[in-house]
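1 is the number of the first residue of the sequence shown in the UniProt record's numbering; add one for each residue after it. Below you'll find the structure, written out as structure tokens, and then a few comments.
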Amino acid sequence: MSDVQQRIDDLVKSNRVVLFMKGTAQFPMCGFSGRAIQILKAAGVTDLKTFNVLEDEEVRQGIKDYANWPTIPQLYIGGEFVGGSDIMMEMYESGELQQALAA
Ligand SMILES: N[C@@H](CCC(=O)N[C@@H](CS)C(=O)NCC(=O)O)C(=O)O
Ligand code: FES
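Structural data, given as structure tokens:
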């Protein structure tokens, strides 16, 4: 595994809920990332860790290879890739996201 893949692996395995996003939870820098934060809040997230890919070009590229997913935001729960903002919205509407966060 390359250095950046190892860094990402450590991050998603040492924090239960991680959102790779553009900007921060307080100041999202893109509508998709803002939407992801709103969904997580609505789903009652309590232990969210965010990573701002705009401050780390290596992770911005590396995260796309890590889960073989081409866009940001990306949500990980329990070390597993969950999806981007569209998938998060579908899972929120079906109640699956709330379940995954509570598990
Ligand atoms: N439909 C996507 C929307 C996300 C998206 O299209 N992200 C783009 C624009 S922010 C992206 O990450 N592009 C690559 C990049 O900016 O590095 C989702 O479900 O999350
Ligand atoms: S930064 Fe332009 S769509 Fe996300």
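Note that beta-carbon positions come from the ideal geometry of N, C-alpha and C, so glycine has one too.
### Query
With a Cβ-Cβ cutoff of 9 Å, do residue 73 and residue 21 count as a contact?
The sequence position of residue 73 within the sequence shown is 73, counting from 1. The sequence position of residue 21 within the sequence shown is 21, counting from 1. In this structure, residue 21 lies closer than 9 Å to residue 73 by Cβ.
Apart from the five residues on each side of it in sequence, which residues of its chain come closer than 8 Å, Cβ to Cβ, to residue 62?
For the purposes of this step, residue 62 is taken as the residue at position 62 of the sequence shown. Cβ-Cβ distances below 8 Å link residue 62 to 2, 4, 5, 7, 8 in the same chain, with the five nearest sequence neighbours on each side left out; the list follows chain order.
Below 8 Å, is the gap between the Cβ of residue 33 and the nearest heavy atom of ligand 2?
As a first step, residue 33 must be located in the sequence shown, where it is residue number 33. Yes; taking the cut-off as 8 Å, the Cβ of residue 33 has a heavy atom of ligand 2 nearer than that.
Q) Hey, quick one: how far does the beta strand (DSSP E) through residue 80 stretch, first residue to last? A) As a position in the sequence shown, residue 80 is number 80, starting the count at 1. 80-83 is the span of the beta strand (DSSP E), which, as asked, contains residue 80.
With a Cβ-Cβ cutoff of 9 Å, do residue 85 and residue 32 count as a contact? Within the sequence shown, numbered from 1, the residue matching residue 85 stands at position 85. Within the sequence shown, numbered from 1, the residue matching residue 32 stands at position 32. Yes, the Cβ-Cβ distance between residue 85 and residue 32 is below 9 Å.
Residue 18, enclosing beta strand (DSSP E) - first and last residue: As a first step, residue 18 is located in the sequence shown; it is residue number 18 there, counting from the start. Per DSSP, residue 18 is one residue of the beta strand (DSSP E) stretching across 17-21.
(message) In whole angstroms, give me the CA-to-CA distance for residue 16 and residue 58.
(response) As a first step, residue 16 must be located in the sequence shown, where it is residue number 16. As a first step, residue 58 must be located in the sequence shown, where it is residue number 58. Distance between the alpha carbons of residue 16 and residue 58 is about 22 Å.
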